[in-house]
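Right, one structure below, let's go through it.
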Amino acid sequence: MKPYLDILKLVWPLALGMINNAIMQFVDRAYLAHESMASLEAALPASILAFNMIGFFQSVVAYSGTFVAQYHGAGDGRMCRACLRVGNGMSLAFGAATLIFVPAGVALLNWLSASPEVLSREVSYFGVLMAGGVFVYLHMAASSYFTGRGETRIVFWVNVLGNVFNAVLDPILIFGLIGMPRLGIAGAAYATVAATALQWGVLYLAVRRAGVSAKGVRLLPLAGRILRFGVPSGAYTVLNLLSFTIFVFVTGKVGDVAFAVSNACFSVNYMLFAPMEGFAIGAATLVGQAQGRGDPAAAHLGAMRTLALGVGFVAVLSLLAVVFSRPILSLFAADPAVREEFLSLGFTLFVLMAAWQVFDAADVIISGALKGAGDTRFVFWWMLAVAFGIWLPLVWVVARLRNTMPALWATMVVYVVVICIGSMIRWRRGRWRTISLVEKREV
Numbered sequence: 004m005k006p007y008l009d010i011l012k013l014v015w016p017l018a019l020g021m022i023n024n025a026i027m028q029f030v031d032r033a034y035l036a037h038e039s040m041a042s043l044e045a046a047l048p049a050s051i052l053a054f055n056m057i058g059f060f061q062s063v064v065a066y067s068g069t070f071v072a073q074y075h076g077a078g079d080g081r082m083c084r085a086c087l088r089v090g091n092g093m094s095l096a097f098g099a100a101t102l103i104f105v106p107a108g109v110a111l112l113n114w115l116s117a118s119p120e121v122l123s124r125e126v127s128y129f130g131v132l133m134a135g136g137v138f139v140y141l142h143m144a145a146s147s148y149f150t151g152r153g154e155t156r157i158v159f160w161v162n163v164l165g166n167v168f169n170a171v172l173d174p175i176l177i178f179g180l181i182g183m184p185r186l187g188i189a190g191a192a193y194a195t196v197a198a199t200a201l202q203w204g205v206l207y208l209a210v211r212r213a214g215v216s217a218k219g220v221r222l223l224p225l226a227g228r229i230l231r232f233g234v235p236s237g238a239y240t241v242l243n244l245l246s247f248t249i250f251v252f253v254t255g256k257v258g259d260v261a262f263a264v265s266n267a268c269f270s271v272n273y274m275l276f277a278p279m280e281g282f283a284i285g286a287a288t289l290v291g292q293a294q295g296r297g298d299p300a301a302a303h304l305g306a307m308r309t310l311a312l313g314v315g316f317v318a319v320l321s322l323l324a325v326v327f328s329r330p331i332l333s334l335f336a337a338d339p340a341v342r343e344e345f346l347s348l349g350f351t352l353f354v355l356m357a358a359w360q361v362f363d364a365a366d367v368i369i370s371g372a373l374k375g376a377g378d379t380r381f382v383f384w385w386m387l388a389v390a391f392g393i394w395l396p397l398v399w400v401v402a403r404l405r406n407t408m409p410a411l412w413a414t415m416v417v418y419v420v421v422i423c424i425g426s427m428i429r430w431r432r433g434r435w436r437t438i439s440l441v442e443k444r445e446v
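Residues in the sequence shown are numbered consecutively from 4, following this note's numbering.
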């Protein structure tokens, strides 16, 4: 029992922190649903597109935390701090690079959006999120430093602080309260960026107080190794998000009400899925620290125990979501003219969502463990093969033969089952045991 309690001690701040992030998105969408149906429709595709473009850089920066975990396991605090310095340098460079992609994103929204009213909101939301990308990267570098060292509580409380700040700013900026201009959907984006900047600022001050020096460490070789393993992880993130983005835009062709229901359900889905990202980071940290100590047996045991806890947790949450689907969806059904249609379709999508959650959770946690061991290339290539070789072709066929939201959502069940099976096989074969991230010292 104690090993599971130790894992929960590490993981619960990460899981609750991810739930906090999901709540932040949920609050944004709930406010936007009352601002206008067009804003609710625009929020998901615009944010997904922004995260597609930000996600690659964010994941590369985040991989510095895997190196922190392995160096922490090896007892080398100086190299942990050096990993943070590399992460900060990458964040500033990536923040400037992000702005280059804004025109391409706007052009893509113009090409794919369903209506001019939705398009104008998508462009506004997308532009603000992209401009704030540098704070996303800096926050990720700092939080990955603490997470890699197992200090997850500070990351959690800083997330809570930022999300409370976001919840306070949302109505002020969206609806123009206390003398502020009414910014609509752009106000939600500004609130998100401001909250992320606050989170980074607090973590930066905490790092400054830690007082560990990286003096004398050669940063370029370390940066090269972080990029070597981090780039596949970043490519995984962006192409995984890209496949989902394509799926979202396909669902946008079904109809305005169905698309709004789908967006609302995906907001709830993220709240269920978000804790699994915390479990995945926890698995990566446990595996990384054990590999840094040269103990692959402990790495395997930690990953399996985290998997059991995570899958059990998401199964309970998914069941509760189906049981209480009507009051949950009522938060989004602001238009009385389509309320019953909204709630009926939403219940069907909730059932499909519950069907895939267990497999999705298992895949995410095992993929996190593989990344923690450095097996990032497999994770990338396997996702690429399944998403673009099986899932999206299936979506294309279904969209032409039976273009309904339940039929399209059912393809997601097929996707997550197949990708989960492959990830589990890879882990059991044990190729990850032979990978070492910290065999050399940059001095």
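We treat Cβ as the ideally placed atom computed from N, Cα and C, and that holds for glycine.
Exposed or buried, which one is Gly-392 when buried takes at least 16 other CB atoms within 10 Å?
The residue labelled residue 392 in the question sits at position 389 within the sequence shown. Result: exposed.
In the DSSP assignment, find the unbroken alpha helix (DSSP H) run with Met-56 in it and report its ends.
Here the question's residue 56 lines up with position 53 in the sequence shown. According to the DSSP assignment, Met-56 belongs to the alpha helix (DSSP H) that extends over 40-65.
Considering only the alpha carbon of each residue, which of Ala-287, Gly-237 and Ala-277 lies closest to Gly-76?
As a working mapping, residue 76 is identified with position 73 in the sequence shown. For the residues Ala-287, Gly-237 and Ala-277, the minimum Cα distance to Gly-76 belongs to Ala-287.
Given Thr-379, which residues of its chain have a CB within under 6 Å of its CB, disregarding the five upstream and five downstream residues?
Against the sequence shown, residue 379 aligns to sequence position 376. For Thr-379, where only same-chain residues beyond five positions count, the Cβ hits under 6 Å are Phe-232, Pro-235 and Ser-236.
Kindly confirm or deny that the segment 124-133 and the segment 43-61 touch, where touching means at least three C-beta pairs closer than 8 Å.
yes
Ser-118 to Ser-147, Cα distance in whole Å?
What you label residue 118 is simply residue 115 of the sequence shown in a count that begins at 1. What you label residue 147 is simply residue 144 of the sequence shown in a count that begins at 1. Looking at the two C-alpha atoms, the distance is approximately 40 Å.
Helix, strand or coil: how does DSSP classify Arg-228 here?
If you number the sequence shown from 1, residue 228 lands on position 225. Note: Arg-228 maps to helix in three-state DSSP.
For the alpha helix (DSSP H) containing Glu-154, name the first residue and the last one.
Stepping through the sequence shown from its first residue, residue 154 is reached at position 151. Segment: none, Glu-154 is in no alpha helix (DSSP H) and carries neither H nor E.
Could you give the residue range of the alpha helix (DSSP H) that holds Gly-98?
The sequence position of residue 98 within the sequence shown is 95, counting from 1. Gly-98 -> alpha helix (DSSP H) spans 80-101.
List in chain order: all unbroken beta strand (DSSP E) runs of 3+ residues lying wholly within the segment 368-409.
none
Is Met-143 helix, strand or coil when you go by DSSP?
Position 140 of the sequence shown holds residue 143. Here Met-143 sits in helix by DSSP.
According to the Cβ coordinates, are Pro-16 and Phe-159 closer than 8 Å?
Translated into positions along the sequence shown, residue 16 becomes position 13. Translated into positions along the sequence shown, residue 159 becomes position 156. The answer is yes: Cβ separation under 8 Å.
Going along the chain, which residues of its own chain have a beta-carbon closer than 7 Å to the beta-carbon of Asn-113, five neighbours each way excluded?
The sequence position of residue 113 within the sequence shown is 110, counting from 1. Hits under 7 Å: Leu-122.
From Cys-86 to Asn-55, what does the alpha carbon distance come to, in whole angstroms?
Indexing the sequence shown from 1 puts residue 86 at position 83. Indexing the sequence shown from 1 puts residue 55 at position 52. When only Cα atoms are considered, Cys-86 and Asn-55 end up about 25 Å apart.
Tell me whether Gly-375 is buried or exposed, calling it buried when 16 or more other Cβ atoms sit within 10 Å of its Cβ.
For the purposes of this step, residue 375 is identified with residue 372 of the sequence shown, where counting begins at 1. Buried is the call here.
Ordered along the chain, which non-local residues of its own chain (more than five positions away) have a Cβ less than 7 Å from that of Val-260?
Residue numbering aside, residue 260 sits at position 257 when the sequence shown is read from its first letter. Excluding sequence neighbours, Val-260 sits near Val-341, Glu-344 and Phe-345.
Is the beta carbon of Tyr-74 less than 8 Å from the beta carbon of Val-398?
Working through the sequence shown from its first residue, we reach residue 74 at position 71. Working through the sequence shown from its first residue, we reach residue 398 at position 395. For Tyr-74 and Val-398, no; Cβs fall outside 8 Å.
Throw me the rounded Cβ distance for the Gly-414 and Trp-385 pair, which I believe falls under 8 Å.
Numbered from its first residue, the sequence shown carries residue 414 at position 411. Numbered from its first residue, the sequence shown carries residue 385 at position 382. Here residue 414 turns out to be Thr, not Gly, going by the sequence shown. At roughly 18 Å, the Cβ-Cβ gap does not stay under 8 Å, so Thr-414 and Trp-385 are not in contact.
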